[in-house]
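Residue numbers (my numbering), protein chains in the order written: chain A, 1 to 116; chain B, 1001 to 1111. The beta carbon of each residue, even a glycine, is placed where N, CA and C say it ideally should be. Note that this is a predicted model, so its numbers are computed, not measured. Okay, so here's the structure we're looking at.
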Amino acid sequence: SAVISQKPSRDICQRGTSLTIQCQVDSQVTMMFWYRQQPGQSLTLIATANQGSEATYESGFVIDKFPISRPNLTFSTLTVSNMSPEDSSIYLCSAGGGRGDKNIQYFGAGTRLSVL
Amino acid sequence: GQQLNQSPQSMFIQEGEDVSMNCTSSSIFNTWLWYKQDPGEGPVLLIALYKAGELTSNGRLTAQFGITRKDSFLNISASIPSDVGIYFCAGLNTGGFKTIFGAGTRLFVKA
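Here it is as structure tokens:
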């Protein structure tokens, strides 16, 4: 299994600012994903972070709002841009497709974002 | 698109009771997964099932991959307070990376 380190673990931000969340995996993985989760709710996939190319976004999410980088096989960032209170949520990074893990996704601890 | 129906949505039980939750889908999956999310943490993989009919245990947890490949259940025996959390089922097809998650079952255990 992969160990995922995500930071920051939480932040309180002002409306109109941007926050970049980092995700580091302890081994090379094929796939990395970003999810959003309202407290107590299920996981909503934002995008798949593709190494060396543009991320693949799910319906309702756009690159201008959630730019994603994936410079190598162990690291990705998600930026939440021009934040509003509606962006307050938990953001989760996951990784899968590492050696022997049969494409199972493993998750970071999440970033708890509050926008004032 | 593919969807998973997970039930129940929430459960309030007494410590020591057994718990059962399940997931159904209109689509076939090659892999069924069960995750647990503790408050303030990310989901953690509990059990992975790879073959129709497979029954797998992990301590007090037992999960089965349905014969039709369209359903799975998770049982927790003799629940304890630290079992509190959200349990997610997930379906995955090998060759693809997209994992479909259920809405979660919120478990509350009263000591």
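In the three-state scheme derived from DSSP, where H, G and I count as helix and E and B as strand, A:D64 is classed as coil.
In the structure shown, the three-state DSSP call for A:D26 is coil. Closer than 8 Å to the CB of A:L78 there is not a single CB belonging to chain B.
A:A95 and A:I21 do not touch by the CB rule: their CB atoms are close to 14 Å apart, not below 8 Å. By DSSP's assignment, B:F1088 forms a beta bridge with B:Y1035. Here B:D1018 is exposed: its Cβ has fewer than 16 other Cβ atoms, across all protein chains shown, within 10 Å. Taking CB atoms only, A:A47 has no neighbour in chain B less than 8 Å away. About 14 Å separates the beta carbons of B:L1061 and B:V1084, which is beyond the 8 Å limit, so they are not a contact pair. In chain A, no part has a C-beta under 8 Å from the C-beta of B:P1008; the shortest such distance is about 14 Å. Look at B:D1018 here: in three-state DSSP terms it is coil, with no helix or strand label.
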